[in-house]
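In mature numbering (1 follows the signal peptide of the UniProt record, and there is no 0), the protein residues as written are -30 to -1, 1 to 461.
Quick look at the structure:
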């Protein structure tokens, strides 16, 4: 057994060393083949020349956008920030090889700055225009503009905030048949006109327009891959939801140039998630607005009516400032929630004015103010007749006549003599404007008996209350005196 094991051990070690040597040799051969392939492809390659065999042939570029994140939507500055992957696929006939000659290598990853790439950029915004933009518009890819043609703002393409073109630091995947796939990541801040009419229940339509910066359709033909944006690796946003993202190809002839330019436009139809604004803005505004109704329910003597109105007005002002900081500063469209707060503030202001008027009327007394004649006429004569109301004085007359024995009224009988034989009362003497008549009337009234004066005068409601109280006290005292007399007799 020891002999066999001693004989097998050298054979096993020799086989192990042979496998390691074979793998190392193949690895070195593969590295050498890849290095030789790279040197062969790029030794005489010019990355500034279009990869076409015939100058009149266009380079067909397949283009697709994959979104990974909707980073931000700035309503104030009207900017949408997105994280995208831009997939470019085209064929370069100068970068083909036979895999059998290079140990079966079918793919090669090369730096993007070593190969020719289509200069596809994002057209988006009118800000940060550079000299290259004006030169492109003024002269165009095919030469200078035609004489006599003026340069207008509509001729200027839009640009992204920051760089026009994506970074070329990523590598491209090169296949043996010349097909190149280049998918660089990019962060774009594109302009997006906002319609905030139905804020915070609004929908926005933001577009991303991609196209070649220098090549027209005769030199680069853009083809869109699919009709939708690739959202397989999309991270959901907490405030916005992408409802639809469609892509369209357009062939446009600009005023600056005679050539036709191809672009691919992706329209992002996004919807705001209104839960945050509903809980923190809409519902508090509604509750605060309902507090205005309670102002008219408070009694005037509490002294807090105007304070409550002003507190509601200040609260609505704070919410209006919050909305102003959230929405863009535009005079074209006013959000409905802003209009609601504005009209609510107007009504609250009117309620303050009405409350002040009511308090002024409430705290008026005969010692401080004199009631105007039109107020007496309106509230004591016209309105009671219209509303079919009876004055309290009439009700008191009926009650007094009902208490009088034998149905005899305590009121005067005009043109007649009462049962005591006294002449009719001089009720008009108190309204006379002649001093002599007034004095005569007072003398006549002073010589009348007390029963006659109480039966033929019309006291005010306050005086009647006083008289009833005095009568009650007198009867009570009379009853107490009678009780005392009975006790004295018993003793």
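Ideal Cβ positions, reconstructed from N, Cα and C, are used throughout, including at glycine.
Keep in mind the model is a prediction, meaning the values are calculated, not measured.
Hey, out of 147, 44, 220, whose CA is closest to residue 181's CA? That would be 220, whose Cα lies nearest to the Cα of residue 181.
Could you check what DSSP says for residue 141 in three-state terms: helix, strand or coil? Here residue 141 carries a strand assignment [DSSP, helix/strand/coil].
**Q.** As assigned by DSSP and simplified to three states, the class of residue 457
**A.** Of the three classes helix, strand and coil, the one that applies to residue 457 here is helix, per DSSP.
Check your understanding: How is residue 339 classed by DSSP in three states: helix, strand or coil?
Key -> Three-state result, residue 339: coil.
*Within 10 angstroms of its Cβ, does residue 347 collect 16 or more other Cβ (buried), or is it exposed?*
The Cβ neighbour count for residue 347, taken over all protein chains shown within 10 Å, is under 16; the residue is labelled exposed.
Helix, strand or coil at residue 308 according to DSSP, with G and I counted as helix:
Helix.
So what's residue 334 in DSSP terms, helix, strand or just coil?
Residue state, collapsed to three classes: coil.
With 16 as the cutoff for other CB atoms within 10 Å, does residue 345 come out buried or exposed? By the 10 Å Cβ count, residue 345 comes out exposed.
Excluding sequence positions up to five away, which residues of its chain have a Cβ less than 7 Å from the Cβ of residue 244?
-> Take residue 244, set aside five residues on each side of it, and the residues of its chain with a beta-carbon closer than 7 Å to its own are 170, 171, in chain order.
Please identify the residue among 292, 83, 179, 190 whose C-alpha is closest to the C-alpha of residue 142. The candidate whose alpha carbon is nearest that of residue 142 is 83.
- Query: Around the Cβ of residue 94, are there at least 16 other Cβ atoms within 10 angstroms (buried) or fewer (exposed)?
  - Reply: Under a 10 Å Cβ-count criterion, residue 94 is classified as buried, with 16 or more other Cβ atoms of the shown protein chains found around its own Cβ.
Roughly how many whole angstroms lie between the Cα atoms of residue 269 and residue 329?
C-alpha separation (whole angstroms): 10 Å.
Q) Under the DSSP definition of a beta bridge, which residues are partnered with residue 203? A) Answer is none; residue 203 lacks a bridge partner.
(request) Flag this pair as yes or no: are the beta carbons of residue 153 and residue 56 separated by less than 9 Å? (result) Their beta carbons are under 9 Å apart, which means residue 153 touches residue 56 by this criterion.
Check your understanding: Going along the chain, which residues of its own chain have a beta-carbon closer than 8 Å to the beta-carbon of residue 140, five neighbours each way excluded?
Key -> Cβ-Cβ distances below 8 Å link residue 140 to 82, 152, 153, 154, 155 in the same chain, with the five nearest sequence neighbours on each side left out; the list follows chain order.
How would you call residue 46, buried or exposed, if buried means at least 16 neighbouring beta carbons within 10 angstroms?
It counts as exposed.
Beta-carbon proximity of residue 471 to residue 201, cut-off 9 Å:
Residue 471 lies beyond the range of the chain shown here (-30 to 461); nothing can be said about it.
Beta bridge counterpart(s) of residue 86 as assigned by DSSP:
Its beta-bridge partners do not exist; DSSP assigns none.
Nearest-angstrom Cα distance between residue 178 and residue 307? Looking at the two C-alpha atoms, the distance is approximately 30 Å.
- Query: What whole-angstrom Cβ distance do residue 325 and residue 286 have, given they're in contact under 8 Å?
  - Reply: Your pair residue 325 and residue 286 does not check out as a contact, with CB atoms roughly 16 Å apart and the cut at 8 Å.
**Asked** Alpha carbon to alpha carbon, how far is residue -24 from residue 72?
**Response** Summary for residue -24: the model assigns pLDDT 48, below 50, so the residue's position carries little reliability; its value from the coordinates is reported in the next sentence. Between residue -24 and residue 72, the C-alpha separation is close to 41 Å.
**Message:** What residue range does the beta strand (DSSP E) around residue 29 cover?
**Reply:** 29 to 44 is the span of the beta strand (DSSP E), which, as asked, contains residue 29.
Going by the beta-carbon positions, is the gap between residue 65 and residue 51 smaller than 9 Å?
-> Contact flag unset, no.
Check residue 300 in the structure and name its three-state DSSP category. Residue 300 carries a coil assignment under DSSP once its states are collapsed to helix, strand and coil.
| Near residue 214, which residues of its chain fall below 6 Å by C-beta distance, leaving aside the five closest residues on each side in sequence? | Only 239 meet the Cβ criterion.
Measure the Cβ-Cβ separation of residue 4 and residue 54 and say whether it is below 9 Å. No, they are not a contact pair.
Open item on the list: For residue 441, count the other beta carbons within 10 Å of its own beta carbon; 16 or more makes it buried, fewer makes it exposed. Which is it?
Closed with: It is exposed - the Cβ of residue 441 has fewer than 16 other Cβ atoms within 10 Å.
task: Have a look at residue 6 and residue 147 and give me their C-alpha separation to the nearest angstrom.
output: Here the alpha carbons of residue 147 and residue 6 stand approximately 17 Å from one another.
Residues in the same chain with beta-carbon distance under 6 Å from residue 453, minus the five sequence neighbours each way, listed in chain order, please. Within the same chain, and ignoring the five residues on either side of residue 453 in sequence, no residue has its Cβ closer than 6 Å to its Cβ.
What does DSSP give as the partner residues of residue 183 in its beta bridges? The partner list for residue 183 (beta bridge, DSSP) is empty, contrary to what the question assumes.
Where residue 238 falls: helix, strand or coil (DSSP): The answer is strand: DSSP assigns residue 238 an E or B state.
For this session: Reducing DSSP to helix, strand and coil, say where residue 125 ends up.
Result: Only weak support is given to the placement of residue 125: the predicted model assigns it a pLDDT of 40, under 50, and the value that follows is read from those uncertain coordinates. Collapsing the DSSP output to three states places residue 125 in a helix.
*Hey, how far is the Cα of residue 295 from the Cα of residue 207?*
Going from the Cα of residue 295 to the Cα of residue 207 covers about 21 Å.
For residue 162, count neighbouring Cβ atoms within 10 angstroms of its own Cβ and tell me buried if that reaches 16, exposed if not.
It is buried - the Cβ of residue 162 has at least 16 other Cβ atoms within 10 Å.
- Which two residues bound the contiguous beta strand (DSSP E) that contains residue 78? Per DSSP, the continuous beta strand (DSSP E) segment holding residue 78 begins and ends at 77 to 81.
Item to complete: Identify, in the order they occur along the chain, each residue of the same chain with its Cβ nearer than 6 Å to the Cβ of residue 32, setting aside the five sequence neighbours on each side.
Response: Excluding five sequence positions before and after residue 32, the CB atoms of its chain that fall closer than 6 Å to its own CB belong to 59, 193, 195, given in chain order.
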